[in-house]
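Number of protein chains: 2
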Amino acid sequence: MSLLDYFRSSKPNSASLAKERLQILVAHERASRNQPSYLPELQQELLAVIRKYVNVSQDAITVHFDQDGNQETLELNIVLPEDR
Amino acid sequence: MSLLDYFRSSKPNSASLAKERLQILVAHERASRNQPSYLPELQQELLAVIRKYVNVSQDAITVHFDQDGNQETLELNIVLPEDR
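Protein sequence lines correspond, in order, to chains W and B.
Residues 1 to 84 (our numbering) are what the first sequence spells out, left to right.
Residues 1 to 84 (our numbering) are what the second sequence spells out, left to right.
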């Protein structure tokens, strides 16, 4: 799934407007495929930072990692509870 | 600038393919405008985390913050030096 498709599909509609969402997208365009990827580790640290701001359980967070050639993308989708 | 425009304009071309880039996009869809925004603080913490992985100077990082109704977006663009 391309970044463009991602944002097209996540466009808010009337049913979703009342909910609070946080989406984080990391795109890493690497100069070479031979370097190790640091996105999985970065993901853990990003989640730790986000948890300082929003009180969410692990199952409210959807993570998607994608690799296509030298381009890596990491998507974090967080839906916050409405009754906070 | 919408999220879509952002990714359209940042589509890699032949001249940019050799460079290493890291792009981070945070979209916060808020349930209410009355809450304080935590994105500016979150931005500082995200940059601190990223600096653990990539050795970049402050001027290699472009930050763009946008607010449109209940939707806030934060873009971090990092171009890494080629001669690392």
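Note that CB positions come from ideal geometry on N, CA and C, so glycine has one too.
Limits of the alpha helix (DSSP H) - the one that residue i falls within
| i | result |
| --- | --- |
| Gln-44 of chain B | 39-53 |
Where residue i falls, given that 16 or more other Cβ within 10 Å makes a residue buried
| i | result |
| --- | --- |
| Ala-27 of chain W | buried |
| Gln-23 of chain B | buried |
| Glu-41 of chain W | exposed |
is_contact[residue i, chain B] using C-beta, thresh 9 Å
| i | result |
| --- | --- |
| Ala-27 of chain W | yes |
| Val-63 of chain W | no |
| Val-56 of chain W | no |
| Gln-23 of chain W | yes |
Extent of the continuous beta strand (DSSP E) to which residue i belongs
| i | result |
| --- | --- |
| Ala-27 of chain B | 20-29 |
| Asn-77 of chain B | 71-80 |
One or two residues paired with residue i in a DSSP bridge
| i | result |
| --- | --- |
| Asn-34 of chain B | Its beta-bridge partners do not exist; DSSP assigns none. |
| Asp-59 of chain B | BP columns for Asp-59 of chain B are empty, so no partner. |
For residue j and residue i, believed in contact at Cβ under 8 Å, the rounded distance
| i | j | result |
| --- | --- | --- |
| Leu-25 of chain B | Glu-72 of chain B | Going by Cβ atoms, the distance from Leu-25 of chain B to Glu-72 of chain B rounds to 11 Å, so no, they are not a contact pair. |
| Arg-21 of chain W | Ile-61 of chain W | Going by Cβ atoms, the distance from Arg-21 of chain W to Ile-61 of chain W rounds to 11 Å, so no, they are not a contact pair. |
Residue-chain proximity (residue i, chain W), Cβ-Cβ < 9 Å
| i | result |
| --- | --- |
| Arg-51 of chain B | no |
| Leu-60 of chain B | Correcting the residue identity first, residue 60 of chain B is Ala in this sequence and not Leu. No, no contact with chain W. |
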